[in-house]
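S.K.:
2 protein chains.
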Amino acid sequence: MRADGQANRGRILDVAEEVFGRGGESASTEEVARLAGVGIATVFRHFPTKAALLQAVLVRRFDRLRGQAEALLEDDPGTAFFGFFRHLVTDAPTKIAIGDALLDAGGDDGGEAAEASLGLRRAVGALLERAQQAGAVRDDVELPEVYALLVAMSRAAAVDDETKTRALAIVFDGLAATAAP
Amino acid sequence: MRADGQANRGRILDVAEEVFGRGGESASTEEVARLAGVGIATVFRHFPTKAALLQAVLVRRFDRLRGQAEALLEDDPGTAFFGFFRHLVTDAPTKIAIGDALLDAGGDDGGEAAEASLGLRRAVGALLERAQQAGAVRDDVELPEVYALLVAMSRAAAVDDETKTRALAIVFDGLAATAAP
DNA sequence: GATCATACGAAGTCCAGACTTCGTTTATCA
DNA sequence: TGATAAACGAAGTCTGGACTTCGTATGATC
Chain D
1451 MRADGQANRG
1461 RILDVAEEVF
1471 GRGGESASTE
1481 EVARLAGVGI
1491 ATVFRHFPTK
1501 AALLQAVLVR
1511 RFDRLRGQAE
1521 ALLEDDPGTA
1531 FFGFFRHLVT
1541 DAPTKIAIGD
1551 ALLDAGGDDG
1561 GEAAEASLGL
1571 RRAVGALLER
1581 AQQAGAVRDD
1591 VELPEVYALL
1601 VAMSRAAAVD
1611 DETKTRALAI
1621 VFDGLAATAA
1631 P
Chain U
1451 MRADGQANRG
1461 RILDVAEEVF
1471 GRGGESASTE
1481 EVARLAGVGI
1491 ATVFRHFPTK
1501 AALLQAVLVR
1511 RFDRLRGQAE
1521 ALLEDDPGTA
1531 FFGFFRHLVT
1541 DAPTKIAIGD
1551 ALLDAGGDDG
1561 GEAAEASLGL
1571 RRAVGALLER
1581 AQQAGAVRDD
1591 VELPEVYALL
1601 VAMSRAAAVD
1611 DETKTRALAI
1621 VFDGLAATAA
1631 P
């Protein structure tokens, strides 16, 4: 693969993450091309369909998040779990499509994105289990509802940071074994 | 206005709520017309644009929810608040567009839908205040974050009822002054 | 039951946006 | 530095879906 081709592919992915994040999946491929400084044809050469581009963006993002989650397995269990939860939620706001995708990536997609999503879910599961063993999170909650909360909160984009923080505090309070961190 | 015209208008609104609820706002006007048993032209005669139709659907739904919330002002404060919260969240799953709309109806819409959304928000505020005075909900939470939680939870559609119930229990636990209902 | 404004739907127009074609440019490697 | 395969973008095609036109049907009123 030629160097310029690889560079363009990378820039297209970066721009696509930003554009789809802002406008959802209804954002146009042409805008991605324009902001990436390439022609539409170049986008379609690297990704055969718009859906394939979206999927590539999601896979990259899920994998990145999973990596961050796994890196936290060294830290203090409670801090790691709640910290990652907060990170994902506050990082997500401009990533509408990401939240939407998180939502149904478990489902009909069936492709690599679903697989990457599953990887992220497992990593969150590991953080949760550790936090429960350490007594930072109630023992009677399980991954499905925790993940559902994570997805739900990460889609509540259109509120200010202050409000989001307070909402998160309520959820954390409900999750905590004793008191919210 | 002729009787058949009024009847068609009502049926179009009903069908549109169902169709937009399922497919989001990207669902086509043609599908609404077909399921309502009328021609496309009839839909556009009653609602000049697709946006106007969507707005009419939202206004009706927000007003209905507000009515339900206000009717609960007679009941036990805690039961009323948590019951309405649960009702809205579990009623919403098939109403994707509704959740999305709830989300940003406070904002750029500027029209009747934003106004109706504000009415619903006020009604929830009344329920919240009563529940706090009765000691069912913590005193240190305020409407913005509670409403944000309501919106967030109502958009987490793609999970089974069991999981949704457990996720709600966690949130309620975080909201409750003592224990979840 | 005749009139006619109201309401209807079949068959359009029009445009945005996904995807292709094809002749030109450029990185790479001998 | 020339050969060549990889990569590029301008200018298309084509489809889906929002919105219109216009001739026909029908509920309301007398």
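Chains as they are written, first to last, in the numbering used here: chain D, 1451 to 1631; chain U, 1451 to 1631.
Cβ atoms here follow ideal geometry from the backbone N, Cα and C, with glycine treated the same way.
Using DSSP's beta-bridge definition, name the partner residues of alanine 1626 (chain D).
M.R.: BP columns for alanine 1626 (chain D) point to D:Val1587.
S.K.: Helix, strand or coil for arginine 1637 (chain U), going by three-state DSSP, please let me know.
M.R.: Residue 1637 (chain U) is absent from the structure shown; chain U starts at 1451 and stops at 1631.
S.K.: Any idea what DSSP makes of serine 1476 (chain D), helix, strand or coil?
M.R.: Reduced to three states, the DSSP call for serine 1476 (chain D) is helix.
S.K.: Report yes or no: is there a C-beta of chain D within less than 8 Å of the C-beta of serine 1476 (chain U)?
M.R.: Taking Cβ atoms only, chain D reaches closer than 8 Å to serine 1476 (chain U), which makes this a yes.
S.K.: Once DSSP output is grouped into helix, strand and coil, what is the label at methionine 1603 (chain D)?
M.R.: Looking at methionine 1603 (chain D) - three-state DSSP - the assignment turns out to be helix.
S.K.: Closer than 9 Å by beta-carbon distance: list the chain U residues that pair up with proline 1594 (chain D), in chain order.
M.R.: Near proline 1594 (chain D) (Cβ distances below 9 Å), the residues of chain U are Val1609, Asp1610, Glu1612, Thr1613, Arg1616, Ala1617.
S.K.: Does DSSP put valine 1621 (chain U) in a helix, a strand or coil?
M.R.: Helix.
S.K.: Which of the three DSSP states is assigned to proline 1498 (chain U) in this structure?
M.R.: Residue state, collapsed to three classes: coil.
S.K.: In angstroms, rounded to a whole number, what distance separates the CA positions of glycine 1557 (chain U) and alanine 1501 (chain U)?
M.R.: Its pLDDT being 49, under 50, glycine 1557 (chain U) is placed unreliably in this model, and the value from its coordinates should be taken loosely. Each residue's alpha carbon lies about 15 Å from the other.
S.K.: For the alpha helix (DSSP H) containing valine 1539 (chain U), list its first residue and its last residue.
M.R.: Unbroken alpha helix (DSSP H) run through valine 1539 (chain U): 1527-1541.
S.K.: Since alanine 1586 (chain D) and alanine 1627 (chain D) are thought to touch, with beta carbons under 8 Å apart, how far apart are those beta carbons, to the nearest angstrom?
M.R.: So it is a contact: roughly 6 Å between Cβ atoms.
S.K.: Could you tell me if glycine 1624 (chain U) is buried or exposed, where buried requires 16 or more neighbouring beta carbons within 10 angstroms of its beta carbon?
M.R.: Glycine 1624 (chain U) should be labelled buried.
S.K.: With DSSP as the reference, label arginine 1516 (chain D) as helix, strand or coil.
M.R.: Correct three-state label for arginine 1516 (chain D): helix.
S.K.: How about alanine 1617 (chain D) and glutamate 1579 (chain U): are their beta carbons less than 8 Å apart?
M.R.: No, the Cβ-Cβ distance between alanine 1617 (chain D) and glutamate 1579 (chain U) is not below 8 Å.
S.K.: So which residues of chain D does arginine 1394 (chain U) contact, with C-beta pairs closer than 7 Å?
M.R.: With chain U running from 1451 to 1631 in the structure shown, residue 1394 (chain U) is simply not present.
S.K.: Taking the C-alpha atoms as reference points, what is the distance between glycine 1533 (chain U) and lysine 1545 (chain D)?
M.R.: Using only the alpha carbons, I get a separation of about 32 Å.
S.K.: In terms of alpha-carbon separation, which member of U:Leu1600, U:Gln1456, U:Ala1581, U:Glu1592 lies closest to glutamate 1524 (chain U)?
M.R.: Here the closest residue by C-alpha is U:Ala1581.
S.K.: Quick one: which chain D residues come within Cβ less than 9 Å of alanine 1566 (chain U)?
M.R.: Simply none; closest approach about 17 Å.
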